[in-house]
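In UniProt numbering, the protein residues as written are 1 to 240. All residues carry an ideal CB built from backbone N, CA and C; glycine is no exception. Single-structure report; data block below.
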């Protein structure tokens with residue numbers, strides 16, 4: 001790992017990127033910026049729901065946030081998946097190049113919450129190489145249940161904010177991802193193949209509290225159910 005320069009956390013507010021950030025801080029890496037990409041519509045590369053709440057998370061963590069708002073993610077949909085992923089990465093890489101010039105010593109490394117996706121990880125690794133930066137990906141190819149247990153043991157409070165898989169009904173929206181929920185997910189994995197960490201897009205999460213945060217995020221929300229999938233519609237959010 002590089003000793004000089006700043007570390008930048010690729011941050012969505014979900015459990016995986018939050019765990020990568022937490023582990024980086026625990027390992028003494030000098031994380032000086034969080035960077036959130038806010039996709040406009042579906043994305044191959046990025047976590048989509050509730051990214052507007054990363055500002056609250058960043059305030060609680062105490063690290064400045066850089067927002068990246070691509071003009072139009074849909075512009076890449078006419079090409080194949082690989083080309084779209086490459087196109088989606090371009091605004092993030094441009095923002096990181098700007099940061100590399102602005103931060104004293106430049107960017108030493110990036111943190112990423114990749115678990116199993118070669119599609120995402122190979123592109124992030126290539127981007128890090130182009131930037132001359134190290135990559136810290138502590139979740140990569142780790143056992144999903146072990147990772148979930150580690151998050152809970154560390155004190156992470158994780159909310160499920162979107163579901164899209166057979167076996168996950170409206171009752172999961174807003175549910176805390178605790179040990180009971182993990183046991184239910186393991187049963188759904190056995191029955192339907194639902195991934196315990198939602199790696200197949202089965203569910204998305206928001207970390208509302210953790211040992212790296214000074215104050216928890218609190219939410220007022222409604223649930224929106226669309227027959228086979230749904231999400232929480234956040235009406236208000238604040239730091240407690």
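Looking at the DSSP output, residue 236 bridges to 220.
At least 8 Å separates the beta-carbon of residue 13 from that of residue 65.
Going by C-alpha positions, residue 63 is about 15 Å away from residue 19. DSSP places residue 154 in the helix class (H, G or I) of the three-state scheme. Membership of residue 131 in any beta strand (DSSP E) is not indicated; the residue belongs instead to the alpha helix (DSSP H) covering 118 to 131. Judged by DSSP secondary structure, residue 194 falls outside any beta strand (DSSP E); it is assigned neither H nor E.
Looking at the backbone, the Cα of residue 171 and that of residue 232 are separated by about 11 Å. For residue 171, there is no enclosing alpha helix (DSSP H), as DSSP gives it neither H nor E. Between the C-alpha atoms of residue 190 and residue 167 there is a straight-line separation of about 11 Å.
Take the alpha-carbon of residue 117 and the one of residue 111: they are about 15 Å apart. Each residue's CA atom was taken as its position, placing residue 86 and residue 131 some 15 Å apart.
Going by DSSP, residue 108 is part of the beta strand (DSSP E) stretching over 107 to 111. Approximately 30 Å separates the beta-carbon atoms of residue 218 and residue 187; this is outside 8 Å, ruling out the contact. Here residue 6 is near residue 103, since their CB atoms are less than 8 Å apart. Ranked by how close their Cα comes to the Cα of residue 221, the residues 192, 10, 144, 161 have 161 in first place.
Setting aside the 5 residues that flank it on each side, residue 32 is surrounded in the same chain by 6, each with a C-beta closer than 6 Å to its C-beta; the list follows chain order. For residue 65, the enclosing beta strand (DSSP E) stretches over residues 65 to 68.
The alpha-carbon of residue 140 is positioned some 4 Å away from that of residue 115. Looking at the DSSP output, residue 34 sits in a beta bridge with 9, 65. The beta carbon of residue 124 is closer than 6 Å to those of 112 in its chain, skipping five residues each way along the sequence. Counting other Cβ atoms within 10 Å of its Cβ, residue 179 stays below 16 and is therefore classed as exposed.
Secondary structure at residue 215: coil, using DSSP grouped into helix, strand and coil. Non-local C-beta neighbours of residue 133 in its own chain, meaning closer than 7 Å and more than five positions away in sequence, comprise 107, 108, 109, 110, ordered along the chain.
Between the beta-carbon of residue 95 and that of residue 206 there is about 22 Å, and that puts the pair past the 8 Å contact cut. Spatial neighbours of residue 93 in its own chain (CB-CB distance under 6 Å, excluding positions within 5 residues in sequence) are listed in chain order as 127. According to the DSSP assignment, residue 40 belongs to no alpha helix (DSSP H), since it is labelled neither H nor E.
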